[in-house]
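*Asks:* FYI, in the working numbering the residues of the sequence shown are 1015 to 1317. Positions of the beta carbon are idealized from the N, C-alpha and C atoms, including for glycine. Note that the structure is predicted; figures quoted are calculated from it, not measured. Mind looking over this structure? Questions follow.
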Amino acid sequence: MNNSGEETIEMAKADQLQVEESSDGSKSTERGICYYLVTILSFLLFIITCPLSIFFCLKIVQEYERAVIFRLGRLLPGGAKGPGIFFILPCIDTYRKVDLRVVSFDVPPQEILTKDSVTVAVDAVVYFRIYNATISITNVADANRSTRLLAQTTLRNVLGTKSLSEILSERDNISHIMQTSLDEATDPWGVKVERVEVKDVRLPQQLQRAMAAEAEATREARAKVIAADGEMNASRSLKEAADIIAENPQAIQLRYLQTLTTISAEKSSTILFPLPINFLSRLIPERGEGRKTLSEQNQESKF
């Protein structure tokens, strides 16, 4: 920041020296007797009407302002005056105040056709300041208005070479390109562009719906892949657990008791007790044994 401030100060001094040299050179060639005669008469008028003329000839500019003085339509040597008090001669001197503070303005939304033939509306904000009051008055009619119009055309020109994806993802790069381009173009006007920011990119409604549908489909596909991976991992874990339980038959009984403990902790009115098939088969007699028992009973009844 300090280096950039020193550079702008040096540039301002160089521009002021150029203006002074041109004004001094033209003074020796163009200023004649009438110029000096009118100046002397104005000074005498100031002395005659003093001290009343002091209220009209002494001017004050603020710390953030500079005054560019013209005498008989010509720029006075020495550059801009201020801050503080300065003196002007009555009737022949005119001056214009220039504000050196940073000015911000919104660039109106611009309808732009991108590189991939998509129409978008983009707006931005620009921060600039006048670093040389003299050339901002002598080189351009209205530095503020000219900078605003140039910012609009620069925004269209820069974004016209970008695709929609680049506009949405490379805002910092676009802002830097715009700031550099504007700074180079406004340098002869005594204007320093401090910062450019792209505010909003407005897409058509149909394009917004298409992008939303594409993003939703992508999320659903990703969710299905994640669910499938989870099921695959769960099946592998179940297979490993089944292999471990198969190695020791008592493990299934321990798992059964653990399940009953979990169920009993909940407030449920019905509890199902599954019984192993092997246990039930022991309680049911075989068919041959049942018939033999009945025949034996009949024979015993005959005797």
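#1: Using alpha carbons as the reference points, say which of Glu-1245, Ser-1056, Asp-1201 and Arg-1269 lies closest to Asn-1153.
#2: Determine the extent of the beta strand (DSSP E) in which Glu-1125 is found, giving its start and end residues.
#3: Please state if the CB of Glu-1077 and the CB of Asp-1113 are separated by a distance shorter than 8 Å.
#4: Straight-line CA distance for Phe-1069 to Phe-1060?
#5: Tell me whether Lys-1238 is buried or exposed, calling it buried when 16 or more other Cβ atoms sit within 10 Å of its Cβ.
#6: DSSP puts Arg-1143 in a beta bridge; with which residues?
#7: Relative to the C-alpha of Leu-1221, which residue among Gly-1092, Tyr-1049 and Ala-1135 is closest?
#8: What is the DSSP secondary structure of Glu-994, counted as helix, strand or coil?
#9: Out of Trp-1203, Leu-1086, Thr-1194 and Cys-1105, state which residue places its alpha-carbon closest to the alpha-carbon of Glu-1211.
#10: Which first and last residues belong to the beta strand (DSSP E) in which Lys-1176 is found?
#11: Quick one: what does DSSP say Tyr-1049 is sitting in, helix, strand or coil?
#12: Consult DSSP for Val-1134 and reduce its assignment to one of helix, strand or coil.
*Replies:* According to the data block:
#1: Asp-1201
#2: 1117-1127
#3: no
#4: 11 Å
#5: exposed
#6: Lys-1206
#7: Ala-1135
#8: Within the shown structure, residues of the chain are numbered from 1015 to 1317, placing residue 994 beyond reach of any answer.
#9: Thr-1194
#10: Per DSSP, Lys-1176 belongs to no beta strand (DSSP E) and is neither H nor E.
#11: helix
#12: strand
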